[in-house]
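Start counting the sequence shown at 1480; every next residue gets the next number (my numbering). Where is the CB? At the ideal position from N, CA and C, for every residue including glycine. Since this is a predicted model, take the numbers as computed values, not measurements. Only one structure is covered here, and it is reproduced in the block below.
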Amino acid sequence: MLPPPRRGALHTSYITLPAGSQICARTEHGLKLEFIKLCSASGSVMEDLFEGHNVGTARPLKLSEDVVSTATYGGPDKCYRYRLKRVWNPTRPLVMWLMMNPSVATEYGDDRTVAKCQRYARAWGYGGILVGNTFAYRCTDQLRLLETPDPVGPENDKALLEMAQEANKVIAAYGTPHHKALLARGPEVVHMLQKHGITVDALRLSKTGRPCHPLYLPASLLPEPLPKS
């Protein structure tokens, strides 16, 4: 195990992935995490993990070894993530999760929320998940959604509808934003899906009637349909 970096030092660490690849990450001054390259086991560079877009400083988690994963991006420097798919049993149906905005999860690594969604889906007998977001802009700090001209993404509604039609079940789990300017988007997406005849569920509703974010919810919860808007 590598020792922790000294403050002011440049530290490089590697996470081994199931496909035999590695994520190379550097921590500068003990504070800033910057993802540099996705490398093959032989050391050749395959692809910039986050290209030029700064998502944030959270560290991605290793994928389960039985997962096959794909993702669809768009915009300058892949600033939008429109679709994330994880499949561990292709013979079983998919469940779609409608979150608020993408964090560091990619086809190469998980974040804590996507990992929790997979645990729910496995417990319910599904073979995989689709993850869409009311805002497709990738950032770990949701207040950055207020700083970009189009946090939704020009192809997002189309991608959300396609995923919802592909999935066996759709679960709204976008939570409550920190800023009131972001509140309306979640219900708008639910209404759009319901207009197309798609039932939208939630694990739990907040006191204000919004679908709760799944990260800290009990593992025993089961999805229940939302009322039609």
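Beta-bridge annotation (DSSP): tryptophan 1576 is paired with Val1610 and Ile1650. Every unbroken stretch of the alpha helix (DSSP H) spanning 4 or more residues and falling wholly within the segment 1651-1685 is given here in chain order: 1664-1674. Residue environment analysis places alanine 1651 among the buried positions, since at least 16 neighbouring C-beta atoms fall within 10 angstroms of its C-beta. Valine 1593: member of the alpha helix (DSSP H) spanning 1591-1602, first to last residue. Less than 9 angstroms divides the Cβ of leucine 1640 from the Cβ of leucine 1672. Threonine 1549 has its alpha-carbon roughly 5 angstroms from the corresponding atom of glutamate 1586. Looking at the DSSP output, tyrosine 1552 shares a beta bridge with Arg1560. Nearest in C-alpha terms to tyrosine 1616, of all of Val1534, Pro1572 and Ser1708, is Val1534. For alanine 1638, the enclosing alpha helix (DSSP H) starts and ends at 1635-1645. Lys1564 is the residue among Ala1600, Gly1604, Thr1570 and Lys1564 whose C-alpha sits nearest the C-alpha of glycine 1611. For histidine 1670, the CB contacts under 8 angstroms within the same chain, skipping 5 residues up- and downstream, are Ser1708 in chain order. Shown here, arginine 1565 sits in a strand according to DSSP, grouped into three states. If you compare the alpha carbons of Ala1594, Met1642, Cys1618 and Thr1627 with that of leucine 1694, the shortest gap goes to Ala1594.
The segment 1556-1570 makes contact with the segment 1622-1635, as at least three CB pairs between them are under 8 angstroms. In this model, aspartate 1680 and leucine 1625 are separated by some 27 angstroms (Cα to Cα). By alpha-carbon distance to asparagine 1647, the top candidate from Thr1655, Pro1702, Pro1581 and His1658 is Pro1702. The beta carbon of leucine 1705 is closer than 6 angstroms to those of Val1679 and Ala1681 in its chain, skipping five residues each way along the sequence.
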